[in-house]
Amino acid sequence: MAKKVAFFGLGNMGGPMAANLVKAGFQVSAFDLMPASVEKAVADGCSAAANEKDAVAGADFVVSMLPNGAIAENLYIDDVGLLDLVEPGALLIDCSTVAAASSRRIGEEATKRKVRVIDAPVSGGVAGAEAGTLAFMCGGEATDVEAAKEILQHMGANIFHAGPSGAGQVAKACNNMLLAVHMIGTAEALQLGVDNGLDPKTLSEIMLKSSGCNWSLEKYNPYPGVMEGVPASRDYSGGFMVKLMQKDLGLAMEAALASKSATPMGALANNLYGLYAGSDESNVDLDFSSIQRFFK
Ligand code: NAD
Numbered sequence: 004m005a006k007k008v009a010f011f012g013l014g015n016m017g018g019p020m021a022a023n024l025v026k027a028g029f030q031v032s033a034f035d036l037m038p039a040s041v042e043k044a045v046a047d048g049c050s051a052a053a054n055e056k057d058a059v060a061g062a063d064f065v066v067s068m069l070p071n072g073a074i075a076e077n078l079y080i081d082d083v084g085l086l087d088l089v090e091p092g093a094l095l096i097d098c099s100t101v102a103a104a105s106s107r108r109i110g111e112e113a114t115k116r117k118v119r120v121i122d123a124p125v126s127g128g129v130a131g132a133e134a135g136t137l138a139f140m141c142g143g144e145a146t147d148v149e150a151a152k153e154i155l156q157h158m159g160a161n162i163f164h165a166g167p168s169g170a171g172q173v174a175k176a177c178n179n180m181l182l183a184v185h186m187i188g189t190a191e192a193l194q195l196g197v198d199n200g201l202d203p204k205t206l207s208e209i210m211l212k213s214s215g216c217n218w219s220l221e222k223y224n225p226y227p228g229v230m231e232g233v234p235a236s237r238d239y240s241g242g243f244m245v246k247l248m249q250k251d252l253g254l255a256m257e258a259a260l261a262s263k264s265a266t267p268m269g270a271l272a273n274n275l276y277g278l279y280a281g282s283d284e285s286n287v288d289l290d291f292s293s294i295q296r297f298f299k
């Protein structure tokens, strides 16, 4: 008999992730507060759960893809209390991007109840969720991360065990802080070249073969007209929105404060994205490479 997955949060990311589990032969019971998200999930082959308790009844796995940590903590502990509703032996996987402290709290409360839970935030965006090529950064017991691969492999191409509970969130915060820093640096360098008479394409080719080469330049050039198929070539629509980068930078700053780490580059990136977002309210919905416009 097909194994059952209870899926919470079927938005831009969760929707296609759940659809991939259906394609892989799992029976997916979907729960979301927005009727439109549930309808879409049902069209993709999920069944609609009447409530949270109904969703987890008989479920081998629970997956959540929620907007923030307060919502995740309410669902797992404070409000709904999924940790007290799940089947014995079920494996819970929170894929939401939240503060490491939130994931650790959910992990500690789960341990008290002998429930298995891991944090597994993702990288790869909506395109990766649709294609089933996400990278999962997992925090928790090694045996639980290993067991989670039974379903994560159908939603992602790379599954990493970062360390104990919360470590997946720390890995994600570090990665996205670095992404913001090299995107801003790339945009700054390209504009400096253009302001001094260089063609951005030529400059990009030079830096790609020189020590300034980095992922933003290689895969996601922020200067319009240099690279095809990236947000910069379609007025920065689609891709990874500025508001999501701001959320992740906020989580990185929170982690830095908690561990008393010096993150001057991350703090500056956070500040620049804040200034850029504040300069025009529509900027928050553009792809994060649109920070290029800040340097015009
Ligand atoms: P979204 O807003 O499109 O989807 C979130 C869904 O959760 C919504 O359908 C909402 O109704 C539902 N929800 C809220 N509270 C709920 C509850 N209590 N019970 C059940 N459902 C509930 O957001 P998204 O873009 O899918 O992002 C989800 C998570 O993935 C976030 O933590 C985000 O940071 C992370 N993420 C997003 C991207 C991206 O490119 N969108 C990339 C990587 C990670």
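Going by the numbering used here, 237 is the number at position 234 of the sequence shown; the sequence numbering is gapless. All C-beta atoms in this analysis are idealised placements derived from N, C-alpha and C, irrespective of residue type, glycine included.
Give every residue of the same chain whose Cβ lies closer than 8 Å to the Cβ of residue i, excluding the five residues on either side of it in the sequence, and list them in chain order.
i, result
"Glu112", "Tyr79, Ile80, Leu86"
"Leu275", "Ile187, Ile294, Phe297"
"Gln156", "Ile162"
"Leu211", "Leu220, Glu221"
"Asp147", "Leu94, Arg119, Val120, Ile121"
"Val287", "Met244, Val245, Lys246, Gln249, Ala280"
"Gly277", "Gln249"
Checking the sheet assignment: what are the DSSP bridge partners for residue i?
i, result
"Val287", "Val287 pairs with nothing; no bridge assigned."
"Ser262", "For Ser262, which the question treats as bridged, DSSP gives no partner whatsoever."
"Ala33", "Phe10, Ala51"
"Asp97", "Ser67, Asp122"
"Met244", "Asp290"
"Phe163", "Met140"
Please list, in chain order, all residues of the same chain as residue i whose beta carbon is under 6 Å from its beta carbon, the five residues on each side excluded.
i, result
"Gly131", "Leu137"
"Phe11", "Phe34, Ser67"
"Pro70", "none"
"Ala52", "Ser32, Phe34, Ala58"
"Arg116", "Leu86"
"Gln194", "Phe298"
"Gly269", "Met180, Ala255"
"Met230", "Asn224"
"Asp251", "Asn179"
"Pro203", "Leu193, Val197, Tyr226, Val229"
Assuming the contact rule is C-beta atoms closer than 8 Å, residue i and residue j should be a hit. Round their C-beta distance to whole Å, please.
i, j, result
"Cys141", "Ile121", "5 Å"
"Val245", "Tyr279", "7 Å"
"Gly1", "Pro124", "Since the first residue of the chain shown is 4 and the last is 299, residue 1 is not available in this structure."
"Lys56", "Leu13", "About 18 Å separates the two Cβ atoms, so there is no contact after all."
"Tyr239", "Leu206", "No, Tyr239 and Leu206 are not in contact; Cβ-Cβ is about 20 Å, not under 8 Å."
"Phe185", "Asn217", "A quick correction: the sequence has His, not Phe, at residue 185. Right, their Cβ atoms sit about 5 Å apart."
"Phe291", "Gly128", "Not quite, the Cβ-Cβ distance comes to about 10 Å (not below 8 Å), so this is no contact."
"Ile96", "Val65", "7 Å"
"Ser40", "Gly18", "6 Å"
"Gly196", "Ser168", "Incorrect: roughly 45 Å between the Cβ atoms, too far for contact."
"Gly241", "Pro234", "6 Å"
"Ala22", "Gly48", "7 Å"
"Ala145", "His164", "6 Å"
Skipping 5 residues on each side, what residues in its chain have a beta carbon closer than 7 Å to that of residue i?
i, result
"Pro91", "none"
"Glu76", "Ser105, Arg108, Ile109"
"Gly61", "Lys7, Glu90"
"Leu201", "none"
"Cys98", "Val66, Ser67, Met68, Ala123, Pro124, Val125"
"Thr189", "Asn217, Ser219, Leu220, Pro225"
Any beta-carbon of chain B closer than 9 Å to the one on residue i?
i, result
"Leu271", "Protein chains in the displayed structure number just one, and chain B is not present."
Continuous alpha helix (DSSP H) assignments of at least 4 residues falling wholly in the stretch 105-143: 128-134
Which residue spans inside the stretch 57-94 form an unbroken alpha helix (DSSP H) run of at least 4? 72-76
Residue ranges of each beta strand (DSSP E) within the stretch 198-238, 3 or longer: none
Under 8 Å: do the stretch 176-185 and the stretch 252-270 share three or more Cβ pairs, one atom per stretch? yes
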